[in-house]
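Scroll down for the structure; my scribbles are underneath it.
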Amino acid sequence: MSLNCINLSFILSVISAGLVAVHFRVENKPIGHSLLQETKKADTAVHKDRMMPDASAAYAPDWERPYPQYQPVGSQLLPFPDLRPGDITPTDLYRYGGSGRTSFSSVDDVGDFKEFYNRLSQQKPKVMERWKDYMELRYDFTRKGDPEVTMSRSKPVPVGPVTRLPNAIKSWEHLADLSPQEIRERDLFPEGFRPLAHPLQSTGHMLFPQMWTKQHPEHDRFDVSFDIPEEYLPEFPPPLFLTTRPDLGDVSRGREITQANFRELFDGILSPEQIEGLRLLVTKFPTSWFNHSKHRLTPEPVHGVACFDCHVNGHTNGAIELDPSTRPTLARVRLDTPSLRGNHNNLLFSLKRSIRSTDHFAEVEEYFEGDISLQLQIGGRQLDKVSTNRMGDFNSLVGLAPAPKLNRLGRLDRARATQSELRGEKLFFEKAGCGQCHPAPFYTDNSMHDLRVEEFHRGRAEGWVKTFSLRGIKDSPPYFHDGRLPTLEDTIEFFNVLFQIRLSSEEKRDLLSFLRCL
Numbered sequence: 001m002s003l004n005c006i007n008l009s010f011i012l013s014v015i016s017a018g019l020v021a022v023h024f025r026v027e028n029k030p031i032g033h034s035l036l037q038e039t040k041k042a043d044t045a046v047h048k049d050r051m052m053p054d055a056s057a058a059y060a061p062d063w064e065r066p067y068p069q070y071q072p073v074g075s076q077l078l079p080f081p082d083l084r085p086g087d088i089t090p091t092d093l094y095r096y097g098g099s100g101r102t103s104f105s106s107v108d109d110v111g112d113f114k115e116f117y118n119r120l121s122q123q124k125p126k127v128m129e130r131w132k133d134y135m136e137l138r139y140d141f142t143r144k145g146d147p148e149v150t151m152s153r154s155k156p157v158p159v160g161p162v163t164r165l166p167n168a169i170k171s172w173e174h175l176a177d178l179s180p181q182e183i184r185e186r187d188l189f190p191e192g193f194r195p196l197a198h199p200l201q202s203t204g205h206m207l208f209p210q211m212w213t214k215q216h217p218e219h220d221r222f223d224v225s226f227d228i229p230e231e232y233l234p235e236f237p238p239p240l241f242l243t244t245r246p247d248l249g250d251v252s253r254g255r256e257i258t259q260a261n262f263r264e265l266f267d268g269i270l271s272p273e274q275i276e277g278l279r280l281l282v283t284k285f286p287t288s289w290f291n292h293s294k295h296r297l298t299p300e301p302v303h304g305v306a307c308f309d310c311h312v313n314g315h316t317n318g319a320i321e322l323d324p325s326t327r328p329t330l331a332r333v334r335l336d337t338p339s340l341r342g343n344h345n346n347l348l349f350s351l352k353r354s355i356r357s358t359d360h361f362a363e364v365e366e367y368f369e370g371d372i373s374l375q376l377q378i379g380g381r382q383l384d385k386v387s388t389n390r391m392g393d394f395n396s397l398v399g400l401a402p403a404p405k406l407n408r409l410g411r412l413d414r415a416r417a418t419q420s421e422l423r424g425e426k427l428f429f430e431k432a433g434c435g436q437c438h439p440a441p442f443y444t445d446n447s448m449h450d451l452r453v454e455e456f457h458r459g460r461a462e463g464w465v466k467t468f469s470l471r472g473i474k475d476s477p478p479y480f481h482d483g484r485l486p487t488l489e490d491t492i493e494f495f496n497v498l499f500q501i502r503l504s505s506e507e508k509r510d511l512l513s514f515l516r517c518l
């Protein structure tokens, strides 16, 4: 017999003996014990690092329902075009919907910078001529400001309405008498009341008004220029008021606060921690399209943008941006820079996101785009929590503009107000219903609402937006979150139609008088 055969016989005999032994042990175990239990224990011990495989996801085949705001692409909305950065975009982007190719940006979206620069700078005259024609379709910007009513420093408040009525409509009262269904079916909703896009939305991002770029040419873009006349923008530079030192009046002393002068202006007024927060707010950091990489819209590399470059002196210069809370870029909402005045009273920050503190806002807005993939490529602030807390601390010191006709509870002082202003206040809180979302004393409910403007025209649902405070409203034109309403008169007409209030011409004048007191 060979050695292999002997080994095989030995192995078989061992196995046989083992089975007998197992059988004997099983037979002699206490009642309730089983071979299956032993096997499971052994299997668990050997394979304890394994996980159960994931089951397939649930699926509801009848998911597509006629929900009130569901707008299928193809039947109700056009599909977003797939565009490169810098490609000319449709003026009526509110008619488009669907998803984009990707949510992520890259420095390499710009291939060769020289080619990118030449292409966009050469097409800029065409872009601006086309956009100028569109803005003239929406607005008549020939009206002058009111020399009798000024902003906090002295700039005349713009007068409206400047939104153009459709040819078939005789007056604003005529439009307000129509139902939402009739306005929509007859396509009578003014173009100026519909969402306003960025002049070149395929690149989007921050776009500064001419009064700013004249002072700061490093922020002048080679692809597009600002689109709203200076007469319809806040005064520049605006005054800055502090909640802690109202006795000082305008602490900026008529100057734009920068890295060069912030210490001179505030040493002896602020605490050292607050001064450090202000230093960070006036420090420029790289951001999308304004940085040292090829992913930029300036001929030469730049340091970037500071918080106070848009929120100049804690207020606003009217610069625009795209809301970072959604994608694709063509779906993003144009944002008119809001004022930081009175932020100590706000509970919501940003247009559509539930950001609950000024320091959190400083933290998440580091790149203005909500794109962490691009953030790493263009270099970053890398601010720690201590730094953003200090930035938030200073933000919370920016006071509201003086309102001498309001009492301590934010209502009109009857001894100082005119009869027109008092009638306007009554309209605000009663017939017009403005006070439901804008209650005194700070004229915001710190909530979000869906105005469902799409019920008046064939456009994409805009969704929920925060209620901005109306305190100091005359200092911060244009109005609404995207700046589509250039004057307070336009704003009154917009909401008169939207909520079907049917105000008379005299009631509108009274309401305007009250709003100018805030």
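Position 318, counted from 1, in the sequence shown is what our numbering calls 318; the numbers after and before it change by one each time, with no gaps. Think of the CB as a built atom: it goes at the ideal place given N, C-alpha and C, for glycine as much as any other residue.
- For Leu137, same chain residues with a beta-carbon under 8 Å away, outside a window of 5 residues either side, are Arg164, Glu191 in chain order.
- In the same chain as Leu470, and ignoring 5 residues on each side of it, the C-beta atoms closer than 6 Å to its own belong to His438, Tyr443, Leu518, in chain order.
- Counting along the chain, no alpha helix (DSSP H) covers Lys466; the unbroken beta strand (DSSP E) around it starts and ends at 464 to 466.
- A direct Cα-Cα distance of roughly 18 Å separates Phe116 from Pro199.
- Leu511 is a Cβ neighbour of Ala432, given a cutoff of 8 Å.
- A direct Cα-to-Cα measurement between Arg458 and Gly97 gives close to 12 Å.
- Residue pairing by DSSP places Arg334 opposite Leu322 in a beta bridge.
- Contact holds between the segment 313 to 321 and the segment 459 to 479, because three or more Cβ pairs, one in each stretch, are under 8 Å apart.
- Nearest neighbour of Leu278 by Cα position, chosen from His292, Trp289, Phe290, Gln259, turns out to be Gln259.
- Residue burial is scored here from C-beta neighbours: Lys114 has fewer than 16 other C-beta atoms within 10 angstroms and is therefore classed as exposed.
- In the pairwise beta carbon analysis, the segment 117 to 127 is classified as touching the segment 218 to 229: at least three pairs are separated by under 8 Å.
- In the DSSP assignment, Met135 falls within the unbroken alpha helix (DSSP H) covering 113 to 138.
- Around Leu233, the same chain offers Pro209, Met211, Asn317, Gly318, Pro477, Pro478 as residues with beta carbons nearer than 8 Å, after the five sequence neighbours per side are excluded.
- When C-beta atoms of the segment 264 to 284 are compared with those of the segment 383 to 395, three or more pairs fall below 8 Å, so the two segments count as touching.
- With respect to the C-alpha of Leu265, the residue from Val107, Thr287, Leu242 having the closest C-alpha is Leu242.
- Exposed is the label assigned to Tyr67, since fewer than 16 other Cβ atoms lie within 10 Å of its Cβ.
- With respect to the C-alpha of Pro441, the residue from Asn346, Pro156, Arg184, His216 having the closest C-alpha is Asn346.
- Beta-bridge pairing by DSSP links Arg296 to Trp289.
- When secondary structure is reduced to three states using DSSP, Asp87 falls in the coil class, being assigned neither helix nor strand.
- Annotated as proximal: Pro237 and Ser252, with beta-carbon spacing under 8 Å.
- DSSP places Asp146 within a strand segment (E or B) once states are collapsed to three.
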